[in-house]
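Protein chains in written order, with numbering that gives the first Met the number 0: chain A, 0 to 70; chain B, 0 to 945. No residue lacks a Cβ here, since even glycine has one placed at the ideal position from N, Cα and C. In this text the structure is predicted, and so the values were computed from the model without any measurement.
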Amino acid sequence: MSANDTEKLAHMANQIAAFFAVYGEEEAAAGVAEHINRFWSRPMRAAFVAAGGEQTDLAPAAARALANIKT
Amino acid sequence: MLIEEADFGTPIRVSETRVTLHIDGESVSVPAGTSVMAAAMQLGTKIPKLCATDSLEPFGSCRLCLIEIEGRRGTPASCTTLAEAGMVVRTQTDRLAKLRKGVMELYISDHPLDCLTCAANGDCELQDMAGAVGLRQVRYETGDNHFDAAHATPKDRSNPYFDYDPSKCIVCNRCVRACEEVQGTFALTITAKGFDSRVSAGGTDFLSSECVSCGACVQACPTATLIEKSVVAHGQPDHSKVTTCAYCGVGCSFKAEMQGDRLVRMLPLKAGKANEGHSCVKGRFAWGYATHKDRIVKPMIRSKTTDPWREVSWGEAIAYAAAEFKRIQAAYGRDSVGAITSSRCTNEEVFLVQKLVRAAFGNNNVDTCARVCHSPTGYGLSKTFGTSAGTQDFKSVEQADVIIVIGANPTDGHPVFASRLKKRLRQGARLIVADPRAIDLVKTPHVRASHHLQLKPGTNVALVNALAHVIVTEGLVDEAFVRQRCDLREFEVWARFIADERHSPEASEVHTGVPAAEVRAAARLFATGGNGAIYYGLGVTEHSQGSTMVMGLANLAMATGNVGRPGVGVNPLRGQNNVQGSCDMGSFPHEFSGYRHVSDDATRNMFETLWGVDLSPEQGLRIPNMLDAAVGGAFKGLYVQGEDIAQSDPDTIHVTAGLAAMECVVIQDLFLNETAKYAHVFLPGASFLEKDGTFTNAERRINRVRQVMSPLAGKQEWAVTQELANALGYAMSYADPAEIMDEIAALTPTFAGVSYAKLDERGSIQWPCNDKAPNGTPTMHVDRFVRGLGKFMLTEYQPTDERANVRFPLILTTGRILSQYNVGAQTRRTENTVWHPEDVLEIHPFDAELRGIRTGDLVAVASRKGEVSLKAEVSERMQPGVVYTTFHHALSGVNVVTTENSDWATNCPEYKVTAVEVRPTNHLGRWQERFQLEDALRKRVVEAAE
Numbered sequence: 000m001s002a003n004d005t006e007k008l009a010h011m012a013n014q015i016a017a018f019f020a021v022y023g024e025e026e027a028a029a030g031v032a033e034h035i036n037r038f039w040s041r042p043m044r045a046a047f048v049a050a051g052g053e054q055t056d057l058a059p060a061a062a063r064a065l066a067n068i069k070t
Numbered sequence: 000m001l002i003e004e005a006d007f008g009t010p011i012r013v014s015e016t017r018v019t020l021h022i023d024g025e026s027v028s029v030p031a032g033t034s035v036m037a038a039a040m041q042l043g044t045k046i047p048k049l050c051a052t053d054s055l056e057p058f059g060s061c062r063l064c065l066i067e068i069e070g071r072r073g074t075p076a077s078c079t080t081l082a083e084a085g086m087v088v089r090t091q092t093d094r095l096a097k098l099r100k101g102v103m104e105l106y107i108s109d110h111p112l113d114c115l116t117c118a119a120n121g122d123c124e125l126q127d128m129a130g131a132v133g134l135r136q137v138r139y140e141t142g143d144n145h146f147d148a149a150h151a152t153p154k155d156r157s158n159p160y161f162d163y164d165p166s167k168c169i170v171c172n173r174c175v176r177a178c179e180e181v182q183g184t185f186a187l188t189i190t191a192k193g194f195d196s197r198v199s200a201g202g203t204d205f206l207s208s209e210c211v212s213c214g215a216c217v218q219a220c221p222t223a224t225l226i227e228k229s230v231v232a233h234g235q236p237d238h239s240k241v242t243t244c245a246y247c248g249v250g251c252s253f254k255a256e257m258q259g260d261r262l263v264r265m266l267p268l269k270a271g272k273a274n275e276g277h278s279c280v281k282g283r284f285a286w287g288y289a290t291h292k293d294r295i296v297k298p299m300i301r302s303k304t305t306d307p308w309r310e311v312s313w314g315e316a317i318a319y320a321a322a323e324f325k326r327i328q329a330a331y332g333r334d335s336v337g338a339i340t341s342s343r344c345t346n347e348e349v350f351l352v353q354k355l356v357r358a359a360f361g362n363n364n365v366d367t368c369a370r371v372c373h374s375p376t377g378y379g380l381s382k383t384f385g386t387s388a389g390t391q392d393f394k395s396v397e398q399a400d401v402i403i404v405i406g407a408n409p410t411d412g413h414p415v416f417a418s419r420l421k422k423r424l425r426q427g428a429r430l431i432v433a434d435p436r437a438i439d440l441v442k443t444p445h446v447r448a449s450h451h452l453q454l455k456p457g458t459n460v461a462l463v464n465a466l467a468h469v470i471v472t473e474g475l476v477d478e479a480f481v482r483q484r485c486d487l488r489e490f491e492v493w494a495r496f497i498a499d500e501r502h503s504p505e506a507s508e509v510h511t512g513v514p515a516a517e518v519r520a521a522a523r524l525f526a527t528g529g530n531g532a533i534y535y536g537l538g539v540t541e542h543s544q545g546s547t548m549v550m551g552l553a554n555l556a557m558a559t560g561n562v563g564r565p566g567v568g569v570n571p572l573r574g575q576n577n578v579q580g581s582c583d584m585g586s587f588p589h590e591f592s593g594y595r596h597v598s599d600d601a602t603r604n605m606f607e608t609l610w611g612v613d614l615s616p617e618q619g620l621r622i623p624n625m626l627d628a629a630v631g632g633a634f635k636g637l638y639v640q641g642e643d644i645a646q647s648d649p650d651t652i653h654v655t656a657g658l659a660a661m662e663c664v665v666i667q668d669l670f671l672n673e674t675a676k677y678a679h680v681f682l683p684g685a686s687f688l689e690k691d692g693t694f695t696n697a698e699r700r701i702n703r704v705r706q707v708m709s710p711l712a713g714k715q716e717w718a719v720t721q722e723l724a725n726a727l728g729y730a731m732s733y734a735d736p737a738e739i740m741d742e743i744a745a746l747t748p749t750f751a752g753v754s755y756a757k758l759d760e761r762g763s764i765q766w767p768c769n770d771k772a773p774n775g776t777p778t779m780h781v782d783r784f785v786r787g788l789g790k791f792m793l794t795e796y797q798p799t800d801e802r803a804n805v806r807f808p809l810i811l812t813t814g815r816i817l818s819q820y821n822v823g824a825q826t827r828r829t830e831n832t833v834w835h836p837e838d839v840l841e842i843h844p845f846d847a848e849l850r851g852i853r854t855g856d857l858v859a860v861a862s863r864k865g866e867v868s869l870k871a872e873v874s875e876r877m878q879p880g881v882v883y884t885t886f887h888h889a890l891s892g893v894n895v896v897t898t899e900n901s902d903w904a905t906n907c908p909e910y911k912v913t914a915v916e917v918r919p920t921n922h923l924g925r926w927q928e929r930f931q932l933e934d935a936l937r938k939r940v941v942e943a944a945e
């Protein structure tokens, strides 16, 4: 995965987090993880998780979701 | 044999009260409100008539349908006389015969007697009536007040599909009434008086008039006054089959009327539940593409996309494609290939392609073009209601009292439904339009929207939240419905959320641009005006918050109790003919047919058992993910069924870069489309006239598609997919599409009761169709939602990332128009181009003047992504700051300009919001210039030696 790709995945994760943000951080993190686990392919999930710590601009719910994303 | 539908003369009425009367000595019982003419027809008694037909209200002008009624004086018209209990009617007496003969004599005295050379010969009601009344002579001389061939008004041949011959007009008004009552356009009238009176398209020729060429007038005409050019050219058809239109998601039923293997005309089927005998210019007339010279009817391959195509045998093409997919998977891994299914293809064809991907490719990399249109509908309605489909049938609109049309332009995109909608509006239903443009429905003859919420593109969610805010804070919630049918805890959380001041119309106005008072009034009307129905289109889904907006609409419907009965509901207007079906059939990478996730062990085991193969529990790639992976080097092979992603998908440069990076692209299509320029294998497709199958329309109605002519390429598409699967090493052996449907029914609970036998018996079926609903389900969620309790979702408004600024101060939004369809592959190859020869940019007079732009000027449209040039059309339909165009022509390259932004939940592209600048120019954009240079080069074909 290129830097562009991981940037795109982070952006997508942030969009998902923005939808769930209104549910509160805990529920939002669970919502983000569930959504990504359900709709993203395994290589996309793996790339997103692999880039995890480096993605400084991740929304809080997306960052918290990282731990619960299946790879 | 030609399929004939009985004409009862006046509309069939519905009433619980029945009346019994006696006609010519026989007793008949009919619903109250039925005319004597229709009652007689129930006995098989055809009372002579000319101005009456059962698609129109009775008119009583021709004086041919006279009857005698015991105890009454005179000879009333049977079309305008209602059946009454105990009425004794005689339809044939000497007095009536004499009167009718006299009337017919007058008609014929003013009509050319060229029956033998008339195009309507054999299909002319005037001719039939002359025979029925026994007319044997005409005593009147020609000239003066009677027909005079030497001075007859010339024919109007301006319309590309039908001719108008004024000399044959009998002034029955059927065409005028059809235009008003059925189509709702009011383009026709009767001009002049007495013997000079004739039909007129508003004092001009048909092509220049407001006529939308729906064909209702031609169908209603009892003579050759208005007649299809195809009938003039070829004569009367001799046999027909019922089939389904291959254009929009309305899914109209037609009789394909044939001479041998030649289609002579398409006539809308009265018994068709989606269209009830009506049609639009596309379905009725624009079918010439099916036999257009551009059709590719021989398989072709090439090793490099810069090579010319080489015609080969079916066997060689399929073997080559299979070998390439195997080579790629061996070299790059199992997940390096995938497929895209098409909403233009049948359920059976789509089901087979997704099966090929899952069973033969061994992954779940299958997606469908619904990704770029209605995928948010699937997500949003699943979350809130529990299933991915609209809630109603089209007939439901007849009981709606307040109708919201948002992000849809039905008079252009779904014209036959629009006619049903307008009819209801003329009866008094109220209309709320939410659209950045002043679409036709805002103000059209005898229809005026109560509210036009002219919002800024990208602010749908702010608007729907504001509407809901008013309903909650002003105590307009249907509490009984919510308490009984919805998850109360979720509702309470939602109600607190939506009641917050930030969602008020006043606070939202800064985002939407819609005056708060207008929003408040619209919300009150929707909540209190009776049955409230919501109809929406891609103006809702094709946004970065498309899924959120669908949920917002579902919230609105639940809060007002507008779900679960006729007249209400949330109704997505699907763009293409089989969007609903292609989604139902398991085209998405995460789910099997019937919307069941691939990770669900029980479901997967069922498929594995029947298909005899292990299936992946991992969801695959969506279309944008496939293209990203291709650019990244991990995705190398794609099978594209009947789609043109190089023209239809956003950010063309990225799409074509992805396609160019692949090692094997297989296209199955009617034409060498834009995507085929990047392909290595071309498998010729079959038009809807050449195959059997089913389409599922926007109301979940499964309609039969029936083969009426031989496939030009020799094979139906499902058979080609089957051969490809076999060549890949996965055995398929279906004998026909009916067997495929049987497998769909066996694996899909909502289709469990569907079979070709049942479809043939009932005409059509709306899913779910199973043990609980053996005859299908016109209205969903009647007693409970599919998910149990309806779920309110929180829908915070998030502005899109795409913002206008000083460099790109305008917002471009895209859509389609009446005469063209999607990427134009079909309609551009018909006479419809007379109405829309090229895509144009609509711009508000203020924005145009500021830039020195006039209608017809070439203008450059530049976004952060690219630049193309289009002709401008200055239009007050636009609001300042917003421009609009269509994407029907490849050279326009509109998607060079659109962005990669997409819906947060589904990746549905945000076609509706692109920040642009527009300026006058004198040349095409760079991409367009390259397109012109490369177009022919990339489509070169080397014909096989005979």
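query	result
Backbone CA spacing between V401/B and Y535/B [nearest angstrom]	14 Å
Extent of the continuous beta strand (DSSP E) run through F681/B	V680 to P683
Reference C663/B, options K303/B, R703/B, H413/B and G924/B, closest by Cα	K303/B
Straight-line Cα distance separating N696/B from G332/B	37 Å
V680/B beta carbon less than 8 Å from that of K316/B	Note that residue 316/B is Ala in the sequence shown here, rather than Lys. The answer is yes: Cβ separation under 8 Å.
Members of the stretch 911–937 of chain B near chain A, C-beta cut-off 9 Å	none
Unbroken beta strand (DSSP E) run spanning F694/B, endpoints	G692 to T695
For P57/B, three-class secondary structure by DSSP	coil
Any C-beta of chain A under 8 Å from that of Q618/B	yes
Continuous beta strand (DSSP E) stretch holding N459/B: start and end	Where N459/B is concerned, there is no enclosing beta strand (DSSP E), although the alpha helix (DSSP H) it sits in stretches over N459 to T472.
Near-chain B residues of the stretch 4–34 of chain A (beta-carbon distance less than 8 Å), N- to C-terminal order	D4, K7, M11, Q14, I15, A17, F18, A20, V21, Y22 and H34
Within chain B, the residues that R41/A reaches when beta carbons sit closer than 7 Å	E617
Meets three-Cβ-pair contact criterion under 8 Å: the stretch 790–797 of chain B and the stretch 483–499 of chain B	yes
Cβ-heavy atom distance, T829/B to the ligand SAH, below 7 Å	The model on display carries no ligand, and the ligand SAH is accordingly not part of it.
Contacting positions in the stretch 533–554 of chain B - beta carbon closer than 9 Å to chain A	S543, Q544, S546 and T547
Beta carbon proximity, H238/B to chain A, threshold 8 Å	no
Complete runs of the alpha helix (DSSP H) confined to the stretch 626–660 of chain B [at least 4 residues]	644–647 and 651–659
Among L869/B, C61/B, G248/B and V940/B, the one whose alpha carbon lies nearest that of S342/B	G248/B
is_contact[F38/A, chain B] using C-beta, thresh 8 Å	yes
Cβ-based neighbour list, A628/B, same chain, cut-off 7 Å, excluding 5 preceding and 5 following	L620 and F634
Same chain, Cβ closer than 6 Å to G892/B, five either side skipped, listed in chain order	V867, W926 and Q927
Residue burial classification, P879/B (beta-carbon count within 10 angstroms, cutoff 16)	exposed
Exposure of Q91/B, with buried meaning 16 or more beta-carbon neighbours within 10 Å	exposed
Helix, strand or coil at K421/B [DSSP, three-state]	helix
Beta-carbon gap between C368/B and I339/B smaller than 8 Å	yes
Boundaries of the beta strand (DSSP E) in which P30/B is found, first to last residue	E25 to P30
Residues near P767/B in its chain [Cβ-Cβ closer than 6 Å; skip 5 each side]	T749 and T776
Proximity winner among E933/B, T141/B, G823/B and I842/B, relative to W834/B (alpha-carbon distances)	G823/B
For I497/B, the first and last residue of its enclosing alpha helix (DSSP H)	L487 to A498
Sub-8 Å separation of K272/B and S763/B beta-carbons	yes
9 Å Cβ cut-off: residues of chain A touching F687/B	None at all; the shortest Cβ gap to chain A is about 32 Å.
Spatial distance of D902/B from D600/B (CA atoms)	29 Å
Of the listed residues R261/B, E617/B, N894/B and L932/B, nearest to H596/B (C-alpha basis)	E617/B
Test: G631/B CB closer than 8 Å to a CB of chain A	yes
DSSP state of E590/B mapped onto helix, strand, coil	strand
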